[in-house]
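Working notes, structure below.
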Amino acid sequence: MNQKYKDAKPQQLIQGKQIVAYRRLGEKTNSTLLFLNHLASTLDSCDPEVMDALAQYDDVIALDYQGVGPIHGPSARDNRSNGRRCSSLC
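What follows is the structure in structure tokens.
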């Protein structure tokens, strides 16, 4: 793995009016690890060393939730709603 978490550029997935921001790193040929922060967390709250360690072995996708951090709009009602928003990333 060459890219570090702190250097991975945030990306956005837009589905209708819903926006999911994420960072992705690691080898896409391996398993995908969808990293769900606690609900008051943002992409910048992750420990970059932990994310780098995970990305040595797997494709890692870390999420920012709509309504938390820089992504404006209504937040999801529950984790199932967040999962539906993010399912097309994996």
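Taking the working numbering, the leading residue of the sequence shown gets 1, the next gets one more, and so forth. Yeah, the Cβ is synthetic: ideal placement off N, Cα and C, and Gly gets one too.
### Query
So, helix, strand or coil for Y5, using DSSP?
In the three-state scheme derived from DSSP, where H, G and I count as helix and E and B as strand, Y5 is classed as helix.
**OP:** Using the Cα positions of Q15 and A21, report the straight-line distance between them to the nearest angstrom.
**Re:** Rounded to the nearest whole angstrom, the C-alpha separation of Q15 and A21 is 11 Å.
* Contact check, K28 vs D7, beta carbons under 7 Å -> Not a contact, by the Cβ cut-off of 7 Å.
Could you name the residues that DSSP lists as bridge partners for Q121? Because the chain in this structure spans residues 1 to 90, residue 121 falls outside the shown range and cannot be described.
Would you mind giving the Cβ-Cβ distance between R23 and A62, rounded to the nearest angstrom? I have them listed as a contact below 8 Å. Their Cβ separation, rounded to whole angstroms, is 5 Å, which keeps R23 and A62 in contact under 8 Å.
- Item | Bounding residues of the alpha helix (DSSP H) (the contiguous stretch that carries D52) | In the DSSP assignment, D52 falls within the alpha helix (DSSP H) that extends over P48 to A55.
Practice problem: Could you check if Y101 is buried or exposed, using at least 16 other CB atoms within 10 Å of its CB as the buried criterion? | Solution: Residue 101 lies beyond the stretch modelled for the chain, which goes from 1 to 90, so this question has no answer here.
beta-carbon S45 near the ligand PLP non-hydrogen atom, thresh 6 Å: Because no ligand of any kind appears in the structure shown, any question about the ligand PLP cannot be addressed here.
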